[in-house]
Amino acid sequence: MKTFLLLLCVLLQTLCQDYYQLLGVQRGASDDQIKKAFKKLSLKYHPDKAKGNKEESEKQFQKIVNAYEILKDPEQRKIYDKYGEEGLKEHTQRQQQKQGHFNYNDVFSRFFGGGFQQQKPNLEQSLFSKSDVYEIDMTTINRFFRRDHVWLIYFYKNDDYGRQHKNTWNELSSKYYGIFQVAALNCAAENEICDDEFQVYEFPKVYAYPANIRQEPIEYKQKMEIDQLAKFAIQFMESFVSIVTNDNYEKFIQQEEQHIVLLFTNKTSTPPLLKVLSKELKGKLVFGQVRNSDKKLVEQFQIKNFPTLMVVTEPEQYRGVIYEQNDFKKEQIMKFLREYAYISKKVKKTHQGPRELSNLLIKNGACTTKDTKMCFIIITDDKDYLDILTPLSYHYMKDKIDFYYINKNNLIYSEVFDDVSNFPTAVMIKPKKERYAKLQGELTLSNIQDFLDSIISGNVQFKSMKDSLDLNIFKEDL
């Protein structure tokens, strides 16, 4: 019966899958011709480019992959040429069982990436290995298809004309890393991609590709200078930043559930870094830009320097937490913003924020031996330091820590602590055990976070208090 099926498949090739026809090549095609045809079709039917049914695209793509996988292997191709698809059925089933679920993302890496390769001619050698430039080839192009940011692509060959812009492109990629994607494509090595996917036939060329894949690319025709190239790419960036003024501020703070991020700036245009942050954190944070010309709003927030980036934690009181680092680097700012990105403003209704440690709170058990939580206390008469406590209380809301502040004139420190005399300062108290640890160093947000993280991980030594925080140690209210 099996022999009959094999003979039938040979006689009636139209009833079986014709791999040569599927790839659009003759039965006597060379390996290079088959590989070139596969590259062209795999780009055409790549599932990440599908505008309709992605599942159907994956099925068609898998057919092309299966055909190429058979025809690129001399032994399997020989069996197929002699017996057709049915002759490979058992072998194919075994291979599928070994491979498991089909993952089209691995296809290009499997067929075109890694392994021993012959030395490429000079024209085909990359100009941008070991740099921040994203190199496009058959193994990496899927990321371009999935782009959600602007891509600026340099199409080149490794000749004198292509090499003249190498340094400019490297510097551009380093300076604007994370803002827009700086990429390159060697069209001598990847001519199918240049011809069939991008339709670029002259070199060197630069094109901008907007995040919206339905938009057409735009050719860059000015001088190859970093500032001009950046300006060209930035104009296509999406922005979710509102211009906030004293007139629209009240409406602006009421329309969203997320925390608000404000950039106070002396620039009239929106910085590209703020644009990209507003896109990547869309739905998690709301971004606004306040110009220094809006003097009333600037004064309300007591902004002295520009630029200043702030997460607004108490919008009605014009208060928030300021980003304290000198360099406005994307990674550092993202780290700063992340803790607010996943906390809705609604949390504040049930969340216990920082409080002044008063006689009444002490009487009700706060920071005494009755208290089951640790007490973090800032001791100061400068209210500017209190801005630090609000984000900390959110960040550590799942930990057993309450946050307080005391005016330095309201406590006789020598009756409680051994080493508290210079202000402002902060201490962590374990009320049940009547032990405390003093913050070392300056009273900054990052320094306090390191201190609290070390306490939570058990890496801070506590010492005994002289006395518990009790009513008798508080000075009379003035």
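Quick note, the sequence shown lines up with residues 406 to 883 if you use the numbering used here.
Think of the CB as a built atom: it goes at the ideal place given N, C-alpha and C, for glycine as much as any other residue.
All values derive from a computational prediction rather than experimental measurement.
Check: Are the CB atoms of residue 711 and residue 669 within a distance shorter than 8 Å?; Outcome: yes
Check: Does the beta-carbon of residue 770 have 16 or more other beta-carbons within 10 angstroms, so that it is buried, or is it exposed?; Outcome: exposed
Check: Are the beta-carbon atoms belonging to residue 529 and residue 575 less than 8 Å from one another?; Outcome: no
Check: Going by DSSP, what residues sit across from residue 693 in a beta bridge?; Outcome: 647 and 667
Check: If you draw a straight line from the alpha carbon of residue 776 to that of residue 837, how long is it in whole angstroms?; Outcome: 7 Å
Check: For the alpha helix (DSSP H) holding residue 591, just list the boundary residues, first then last.; Outcome: No alpha helix (DSSP H) holds residue 591; the beta strand (DSSP E) holding it covers 586-591.
Check: If you drop the 5 nearest sequence neighbours on each side, which residues of the same chain put their C-beta closer than 8 Å to that of residue 805?; Outcome: 777, 778 and 779
Check: Can you give me the Cβ contacts of residue 713 inside the same chain, cut-off strictly under 7 Å, excluding the 5 residues immediately before and after it?; Outcome: 669 and 727
Check: Using the Cα positions of residue 795 and residue 832, report the straight-line distance between them to the nearest angstrom.; Outcome: 16 Å
Check: What residues in its chain sit with their C-beta under 8 Å from that of residue 599, if we drop five residues either side in the sequence?; Outcome: 560, 590, 592, 605 and 606
Check: Rank 423, 627, 626 and 585 by C-alpha distance to the C-alpha of residue 614 and give the top, closest one.; Outcome: 585
Check: Roughly how many angstroms separate the alpha carbons of residue 848 and residue 857, rounded to a whole number?; Outcome: 12 Å
Check: Leaving aside the five residues before and after residue 406 along the sequence, list all residues of the same chain whose C-beta is less than 8 Å from its C-beta, in chain order.; Outcome: Low local confidence applies: a pLDDT of 46 at residue 406 is under 50, so the model's placement there is unreliable, and no value is given.
Check: Give the secondary structure of residue 573 by DSSP, where H, G and I count as helix, E and B as strand, and everything else as coil.; Outcome: helix
Check: Going by beta carbon distance, what residues of the same chain come within less than 6 Å of residue 567, once the five residues before and after it are set aside?; Outcome: 561 and 609
Check: Just the C-alpha distance for residue 597 and residue 436, rounded to the nearest angstrom, thanks.; Outcome: 16 Å
Check: DSSP on residue 533, reduced to helix/strand/coil?; Outcome: coil
Check: Helix, strand or coil for residue 725, going by three-state DSSP, please let me know.; Outcome: strand
Check: Please tell me whether residue 667 has its Cβ less than 8 Å away from any Cβ of chain C.; Outcome: Checking the listed chains, one finds no chain C in this structure; it contains a single protein chain.
Check: Please name the residue in 742, 718, 651 and 697 whose C-alpha comes closest to that of residue 689.; Outcome: 742
Check: Could you give the C-beta distance for residue 720 and residue 767, rounded to a whole number, given that I count them as a contact under 8 Å?; Outcome: 31 Å between Cβ atoms; not a contact.
Check: Is it true that the CB of residue 450 sits closer than 8 Å to the CB of residue 466?; Outcome: yes
Check: In three-state terms, what does DSSP make of residue 881?; Outcome: Caution is warranted here: a pLDDT of 44 is assigned to residue 881, below 50, making its placement in the model unreliable, and no coordinate value can be reported.
Check: Can you tell which of 427, 696 and 611 has its C-alpha closest to the C-alpha of residue 674?; Outcome: 696
Check: Looking only at its chain, what residues have a beta carbon closer than 6 Å to the beta carbon of residue 852, apart from the 5 residues adjacent to it on each side?; Outcome: 846
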